[in-house]
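Numbering (the numbering used here), first residue to last: 688 to 1183.
Below is the structure:
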């Protein structure tokens, strides 16, 4: 039966929850009523007073890159001491064959002062790779350096710390194979379903194994989440293996654009600033210079990619992104549809004005407003300029939200953009924040008339909560998730 009525719920419409029912016909919403809907040929699901929101579209996340956490140590979002972490890592090392890697996600340099010698004490015959929470740096033990040298992975520094391009080398060298990604990506999507996410912009597909896994899952009908892929330029030399996926017309997957890293991250002191970090760690650096960016953008346009997504966190990184945008936008206007500024954490008024007048998109992570609480030592008073969400939206700039795979998910991000925002320049209304995580991402992918709202004719993508998810006192866990009118997650069924 393709018809279903969801009755007796509170439906999020027009910026507020209203009592009502929803009729789903096949994949779409065919009717909404403030009372009961009579449909004799439909199945009935009683929401029993549950709260229903549009499913979230995560405009900046990394399901392929983070799917490996299902087989590796994942200490992100874990409130544990370094002593507790060492026991976990040591136990994992004992279970790992000699000469292989133990990869641990979630190293927070603000809390754990880790160096190579410390990791050497945990294992001398297994490689240890500690990945910084920013995913822009990591720490290796001596055995890891030996394994990488054996495998012809050349690193400039031998002190164990790697960042940016050298970090990327290690991340790729330790990545799983294609078959593993085919198992782990659907499993990781289940985690995202539990956060209410129905669509994802995968913002750094960096290996052919990841891309091939996506393509094969889509062809087999096993990809349940609408996925827009942004390619790392390291894939540009893959020839036909790449172009066949760029032209791939799948049901749930689309290769959308190029991801450029213009600078790094605040946590690793690699975000490019116009003046030094306040704790004496220099001013960061530009990771990809203007000429190389221009060359890669030209290559992307020639390959048929339609979006350019530029990672820019520090004010100097933002300035470079703005210059590329202003210089090249008209040149590629017939090929490049969208220019995205990923993170855009420290923009000045000129940068915001450039996006406003040129149609640039600010793709931001409200979860990262905790930077203002954690990076005071690194940035000084500049922490209060991080994520000026209100200033950007008030200027008329298109604003979309992503989690950057922060495990806490979209609802926590909405709270950071509203009640938890440290300053007025960051604080949005609930309606503005919800739109940035639902309808606005759909708009920038050309689906604004069919995805991201609970309205007649829109896809039946619905996140159901037992309590009001926008109430800061409530339990904001998703109880059900529906994609195209089919239930893909049920908290009770997942936790019998």
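We put the beta carbon where it would ideally sit given N, CA and C, even for glycine. Given the structure is predicted, the values throughout are model-derived calculations rather than measurements.
Asked	Found
Residue from 911, 1009 and 1053 whose Cα sits closest to the Cα of residue 886	911
Where residue 745 falls, given that 16 or more other Cβ within 10 Å makes a residue buried	buried
With 16 other Cβ atoms within 10 Å as the buried cut-off, status of residue 958	buried
C-beta contact flag for residue 901 and residue 940 at 8 angstroms	yes
Which of helix, strand or coil DSSP assigns to residue 645	In this structure the chain extends from 688 to 1183, so residue 645 is not present and cannot be described.
Runs of beta strand (DSSP E) lying entirely within the region 1108 to 1166, each at least 3 residues, in chain order	1149 to 1152
Whole-angstrom C-beta distance between residue 964 and residue 1065, which should lie under 8 angstroms	5 angstroms
Member of 1072, 895 and 915 whose CA lies at the smallest distance from the CA of residue 926	895
Residue interval of the beta strand (DSSP E) (run including residue 947)	940 to 948
C-beta atoms of residue 820 and residue 802 nearer than 8 angstroms	no
Contact the region 1031 to 1044 vs the region 1009 to 1018: 3+ CB pairs below 8 angstroms	yes
Inter-residue Cα distance where the pair is residue 983 and residue 720	50 angstroms
Residues bridged to residue 739 (per DSSP)	698 and 1151
Alpha carbon of residue 717 to alpha carbon of residue 743, nearest angstrom	20 angstroms
Contacting residues, own chain, Cβ-Cβ under 7 angstroms from residue 876 (five flanking each side not counted)	750, 911 and 912
Start-to-end residues for the beta strand (DSSP E) that takes in residue 1029	1025 to 1030
Buried or exposed (CB count within 10 angstroms, at least 16 for buried), residue 1068	exposed
Spatial neighbours of residue 973 in its chain, beta-carbon cut-off 8 angstroms, leaving aside the 5 residues before and after	949, 950, 959, 1003, 1004 and 1007
Beta-carbon spacing of residue 1033, residue 995 below 8 angstroms	no
Under the three-state DSSP convention, the category residue 819 falls into	strand
CB contact flag (residue 1139, residue 1128, <8 angstroms)	yes
Residue range of the alpha helix (DSSP H) that includes residue 661	Residue 661 is absent from the structure shown; the chain starts at 688 and stops at 1183.
Nearest-angstrom beta carbon gap, residue 1106 and residue 764 [assumed within contact, 8 angstroms]	Rounded, the Cβ-Cβ distance is 20 angstroms, inconsistent with contact.
Limits of the unbroken beta strand (DSSP E) element including residue 707	703 to 712
Residues of its chain near residue 714, where Cβ-Cβ distance is below 7 angstroms and the 5 sequence neighbours each way are ignored	1146, 1147, 1171 and 1172
Contact the region 826 to 839 vs the region 804 to 814: 3+ CB pairs below 8 angstroms	yes
CB contact flag (residue 987, residue 922, <8 angstroms)	no
Beta-carbon proximity of residue 1175 to residue 871, cut-off 8 angstroms	no
Cβ pair count under 8 angstroms reaching 3, the region 833 to 844 against the region 723 to 735	no
Spatial distance of residue 1027 from residue 1091 (CA atoms)	15 angstroms
Own chain, CB closer than 6 angstroms to residue 898, minus 5 neighbours either side, in chain order	892 and 932
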